[in-house]
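So the sequences go chain by chain: H and U. If you read the first sequence in the numbering used here, its first letter stands for residue 1, the second for the next number, and so on. If you read the second sequence in the numbering used here, its first letter stands for residue 327, the second for the next number, and so on.
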Amino acid sequence: MSRTATSAGDARTSVPGVPPRDRPRRRHTGRKLLPYVLLLPALVAELAIHVIPMLVGAWMSLLHLTQFFIRNWTAAPYGGLSNYRVAFDLNGPVGKELVHSFLVTVAVTALVVSCAWLFGITAAVLLERPFRGRSFLRTFFLIPYALPIFTAVITWRFMFQRDTGMVNAVLSDKLHLTHGHPFWLIGDNGFVALVVIGIWRMWPFAFLTLMAGLQSIPTDLHEAAAIDGAGFLRRLRSVTLPLLRPVNRVLLLVLFLWTFNDFNTAYILFDLPPASADVISIHIYNASFITWNFGLGSAMSVLLLLLLLVVTLAYLGTGRLRRRYA
Amino acid sequence: MRESRTLRWVRGIILTLLAIFTALPLYVMVSSSVKPLQDVQGTFTWLPEHVTIRPFIDMWHTVPLGRYFVNSLIVSLSATVCSVAIAILTGYAVSRYRFPGRGSFMTVVLSTQMFPGILFLLPLFLIFVNIDRYTGVQLYGSRLGLIITYLTFALPFSIWLIAGYFDTIPRELDEAARVDGAGPMRTLFRVLLPVAAPGIVAVAIYAFMTAWGEVLFASVLTDESTRTLAVGLRGYANQAQVYWNQVMAASLVISLPVVVGFLALQRFLVHGLTAGAVKS
Numbered sequence: 001m002s003r004t005a006t007s008a009g010d011a012r013t014s015v016p017g018v019p020p021r022d023r024p025r026r027r028h029t030g031r032k033l034l035p036y037v038l039l040l041p042a043l044v045a046e047l048a049i050h051v052i053p054m055l056v057g058a059w060m061s062l063l064h065l066t067q068f069f070i071r072n073w074t075a076a077p078y079g080g081l082s083n084y085r086v087a088f089d090l091n092g093p094v095g096k097e098l099v100h101s102f103l104v105t106v107a108v109t110a111l112v113v114s115c116a117w118l119f120g121i122t123a124a125v126l127l128e129r130p131f132r133g134r135s136f137l138r139t140f141f142l143i144p145y146a147l148p149i150f151t152a153v154i155t156w157r158f159m160f161q162r163d164t165g166m167v168n169a170v171l172s173d174k175l176h177l178t179h180g181h182p183f184w185l186i187g188d189n190g191f192v193a194l195v196v197i198g199i200w201r202m203w204p205f206a207f208l209t210l211m212a213g214l215q216s217i218p219t220d221l222h223e224a225a226a227i228d229g230a231g232f233l234r235r236l237r238s239v240t241l242p243l244l245r246p247v248n249r250v251l252l253l254v255l256f257l258w259t260f261n262d263f264n265t266a267y268i269l270f271d272l273p274p275a276s277a278d279v280i281s282i283h284i285y286n287a288s289f290i291t292w293n294f295g296l297g298s299a300m301s302v303l304l305l306l307l308l309l310v311v312t313l314a315y316l317g318t319g320r321l322r323r324r325y326a
Numbered sequence: 327m328r329e330s331r332t333l334r335w336v337r338g339i340i341l342t343l344l345a346i347f348t349a350l351p352l353y354v355m356v357s358s359s360v361k362p363l364q365d366v367q368g369t370f371t372w373l374p375e376h377v378t379i380r381p382f383i384d385m386w387h388t389v390p391l392g393r394y395f396v397n398s399l400i401v402s403l404s405a406t407v408c409s410v411a412i413a414i415l416t417g418y419a420v421s422r423y424r425f426p427g428r429g430s431f432m433t434v435v436l437s438t439q440m441f442p443g444i445l446f447l448l449p450l451f452l453i454f455v456n457i458d459r460y461t462g463v464q465l466y467g468s469r470l471g472l473i474i475t476y477l478t479f480a481l482p483f484s485i486w487l488i489a490g491y492f493d494t495i496p497r498e499l500d501e502a503a504r505v506d507g508a509g510p511m512r513t514l515f516r517v518l519l520p521v522a523a524p525g526i527v528a529v530a531i532y533a534f535m536t537a538w539g540e541v542l543f544a545s546v547l548t549d550e551s552t553r554t555l556a557v558g559l560r561g562y563a564n565q566a567q568v569y570w571n572q573v574m575a576a577s578l579v580i581s582l583p584v585v586v587g588f589l590a591l592q593r594f595l596v597h598g599l600t601a602g603a604v605k606s
């Protein structure tokens, strides 16, 4: 902290961002160091909780780290890439389940992200112009996003109960859409439950971001288009959506990462998720903590990270290319 | 620009459907929390036939909800205070100084957001267990370990938001303070912080929400005595007989403070998001 104190006294005449000219050397280094001192706590925290554990995780994935070595993990035998070989062996049970879980996650993510975006853009566009009840709806739609996820999901769990839940009471007893009372949290319907909850959770965030994005579009563009005779849909297609492209780019990426990595929904919704809803993060979690095979769990986590990295970089890269050749 | 009649109708129908979708779980939560037990064990009814506040009293005894509440409060508040303090310092450096490594620092910090939690959960668990073994500092199964973990979760977005708020404050204010003889730290605390106060409150709410709702790490890093609400609430649902009315009552009580805080400050959060969207 003494470094900060000296620089605080010395920087009297300096303006940040402007390079100092004739100034004694000591002052110069003090002022230069200040931003790094300010970054230090954040840097230490990020290193300790994110970066170092990640590196340790990468190392763990090379070990035969089973329950016998949890308290003494340095003694675990080195296994090279054998954990990866097990995870990739499509004929073995581990590899088969991993691929299945991956496909389930892709399906859930595709449905949730597209529906959440569609709901979000619809609501944001419809709420753009003033009418009665607009500000109430704007706030009301954000509630699912504000609700702690575990209380929201446990409420859905109650709603999806077979005999006492609201969903069967409506679909089966009122609308007669289903035969008898289906199970929602066991078997293939678990997938449906997971997607519905995912959309319910995610679309308010899409709505919030798109609403903010719409506000940054100048209104005279819309007016000019309207004077030229463009109708509502035409303006949407030719003015709103193109100008939202930068917002959409970030939004879709964030929605994708959140949904793909989501652990909470499946964890709270099911005691043990059925195969139809066995998304990747809970699959790795259960594979690690039920069998206590941390080496294999880490290998699968590393594969997941690599996949996300490749997808993210490819996604950001195509955007850059498109802009260059546009 | 007059709106056509069809457009108004379509808007009305779509927004009503979305509102119903949003409201259903909220309605189920509130209405079931005032039903007696036999009413939530039979077929679902829309209106409670008998209204009772028993669930709100009984819920404290079925599982040690009071203890979970205290744990969650301590962990979330500490993590919030720490992460906001750190984010203020970092945001100040990022907003007001141009230094080598600034860009890569922000990239690294923001990219930790995309890591799947499961990836560092296993190693963090092992590291905590081994720190306990070698130094005796108990991080596994303690509130401290959870606080340290949570404070980093809200950090990236908090830094981003706070730096964004600082960017909107004109630099003439800093310069005026410098002319009056204030150093960088004094400028930060006496000039920038008061101006950015609403934004910082919004960031604090965000950090609190993040910690209050975290499930994955809490499920592994806590034991029975340090369990938080996020894991504790699941304890109801896993019992042989589920007291759904109590679960809904507890959910309501847990959600209310966060939702109210968020809605009261959503203006500032939306503002921060817009600033970010324009910047990128």
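The beta carbon of each residue, even a glycine, is placed where N, CA and C say it ideally should be. Remember, predicted model here, so these are calculated numbers, not experimental data.
Meets three-Cβ-pair contact criterion under 8 angstroms: the segment 571 to 585 of chain U and the segment 381 to 395 of chain U: A contact exists between the segment 571 to 585 of chain U and the segment 381 to 395 of chain U.
Nonlocal neighbours in the same chain, by C-beta distance under 7 angstroms from Val-529(U), ignoring five residues either side: Within its own chain, the residues whose Cβ lies closer than 7 angstroms to the Cβ of Val-529(U), once the five positions on either side in sequence are excluded, are Val-410, Ala-413, Ser-484, Leu-487, Ile-488, listed in chain order.
Limits of the unbroken alpha helix (DSSP H) element including Gly-429(U): For Gly-429(U), the enclosing alpha helix (DSSP H) stretches over residues 428 to 437.
Environment of Arg-234(H) [buried if 16+ CB atoms lie within 10 Å]: Exposed: under 16 other Cβ atoms inside 10 Å.
Span separating the alpha-carbon of Arg-23(H) from that of Leu-39(H): Unreliable placement is indicated for Arg-23(H), whose pLDDT of 47 sits below 50; no coordinate value is reported for it.
Chain H residues whose Cβ lies nearer than 8 angstroms to that of Met-574(U): Chain H residues near Met-574(U): Thr-155, Phe-158.
When Asp-220(H), Leu-208(H), Thr-155(H) are compared against Ser-577(U), the one with the closest alpha-carbon: Nearest option by C-alpha distance: Thr-155(H).
Expected contact under 8 angstroms - CB spacing of Gly-539(U) and Pro-148(H) to nearest Å: Yes, they are in contact, since the Cβ atoms of Gly-539(U) and Pro-148(H) sit about 4 angstroms apart, within 8 angstroms.
Limits of the alpha helix (DSSP H) - the one that Arg-235(H) falls within: From DSSP, the alpha helix (DSSP H) with Arg-235(H) extends over 232 to 235.
Members of the segment 43 to 69 of chain H that neighbour chain U once the beta carbon cut-off is set at 7 angstroms: Residues of the segment 43 to 69 of chain H with a C-beta less than 7 angstroms from any C-beta of chain U: Ala-45, Glu-46, Ile-49, His-50, Pro-53, Met-54, Val-56, Gly-57, Met-60, listed in chain order.
Cβ neighbour criterion (16 or more within 10 Å) applied to Phe-136(H): A residue is called buried once 16 or more other Cβ atoms fall within 10 Å of its Cβ, and Phe-136(H), having fewer, is exposed.
Cβ pair Leu-448(U), Gly-297(H) closer than 8 angstroms: Yes, these two residues count as a Cβ contact at 8 angstroms.
Cβ of Ala-563(U) within 8 angstroms of any chain H Cβ: Answer yes: the Cβ-Cβ gap between Ala-563(U) and chain H drops below 8 angstroms somewhere.
Partners in chain U for Ala-123(H), counting only beta-carbon separations shorter than 9 angstroms: Here the neighbours are Ile-340, Leu-341, Leu-344.
Close-in-space but distant-in-sequence residues of the same chain around Arg-422(U) (CB under 6 angstroms, 5 per side omitted): Short of 6 angstroms from the beta carbon of Arg-422(U), and not among the five residues preceding or following it, lies no beta carbon of its own chain.
For Leu-465(U), three-class secondary structure by DSSP: Leu-465(U): coil per DSSP, three-state reduction.
Residue-level contact to chain U via CB, Asn-264(H), 8 angstroms cutoff: Cβ-Cβ to chain U under 8 angstroms: yes for Asn-264(H).
Beta carbon proximity, Arg-607(U) to chain H, threshold 8 angstroms: Residue 607(U) is absent from the model: chain U starts at 327 and stops at 606.
Proximity winner among Leu-236(H), Phe-260(H), Leu-127(H), Met-211(H), relative to Glu-223(H) (alpha-carbon distances): Among Leu-236(H), Phe-260(H), Leu-127(H), Met-211(H), the Cα nearest to that of Glu-223(H) is on Leu-236(H).
Alpha carbon of Phe-347(U) to alpha carbon of Trp-200(H), nearest angstrom: Within the model, the alpha-carbon separation for Phe-347(U) versus Trp-200(H) is close to 8 angstroms.
From Ala-533(U), Val-579(U), Pro-362(U), residue whose alpha carbon lies closest to that of Leu-555(U): It is Val-579(U) whose Cα lies nearest to the Cα of Leu-555(U).
Range covered by the alpha helix (DSSP H) that runs through Asn-83(H): 82 to 88 is the extent of the alpha helix (DSSP H) around Asn-83(H).
Coil, strand or helix - Leu-350(U) by DSSP: For Leu-350(U), the three-state secondary structure derived from DSSP is helix.
Contact with chain U by Asn-261(H), beta-carbon distance below 8 angstroms: Yes, because at least one Cβ of chain U sits closer than 8 angstroms to the Cβ of Asn-261(H).
Neighbour-count burial assignment, Phe-451(U), 16 or more Cβ in a 10 Å radius: Counting other Cβ atoms within 10 Å of its Cβ, Phe-451(U) reaches 16 or more and is therefore classed as buried.
Chain C contact residues for Pro-35(H), given Cβ-Cβ distances below 7 angstroms: The structure shown contains no chain C; its protein chains are H and U.
Contact set between the segment 268 to 285 of chain H and chain U, restricted to residues whose Cβ is under 9 angstroms from the partner: So the close ones are Ile-268, Asp-271, Ile-280, Ser-281, Ile-282, Ile-284, Tyr-285.
Pairwise C-alpha distance: His-64(H) and Tyr-78(H): Those two C-alpha atoms are separated by around 6 angstroms.
C-alpha gap between Val-56(H) and Gly-133(H), whole angstroms: The alpha-carbon atoms of Val-56(H) and Gly-133(H) are separated by roughly 53 angstroms.
Complete alpha helix (DSSP H) runs within the segment 257 to 311 of chain H (minimum length 4 residues, chain order): Counting whole runs of 4 or more residues, the segment 257 to 311 of chain H contains the alpha helix (DSSP H) stretches 264 to 269, 280 to 291.
is_contact[Met-166(H), chain U] using C-beta, thresh 8 angstroms: Interface criterion met: the Cβ of Met-166(H) is under 8 angstroms from a Cβ in chain U.
Cβ-based burial, Gln-161(H) [other Cβ within 10 Å; buried from 16]: With 16 or more Cβ atoms within 10 Å of its Cβ, Gln-161(H) is classed as buried.
Beta-carbon contacts of Arg-21(H) that lie in its chain and below 7 angstroms, excluding the five residues immediately before and after: Low confidence applies to Arg-21(H): its pLDDT is 48, below 50, so where it sits in the model is not reliable enough to give any reading.
Chain U within 8 angstroms of Gly-317(H), Cβ atoms only: So no, Gly-317(H) is outside the interface.
C-beta contact flag for Arg-516(U) and Ala-508(U) at 8 angstroms: Less than 8 angstroms divides the Cβ of Arg-516(U) from the Cβ of Ala-508(U).
Sequence-distant residues of its chain with Cβ nearer than 7 angstroms to Thr-548(U) (five each side left out): Closer than 7 angstroms at Cβ, skipping near neighbours: Gly-467, Leu-472, Thr-554, Val-557.
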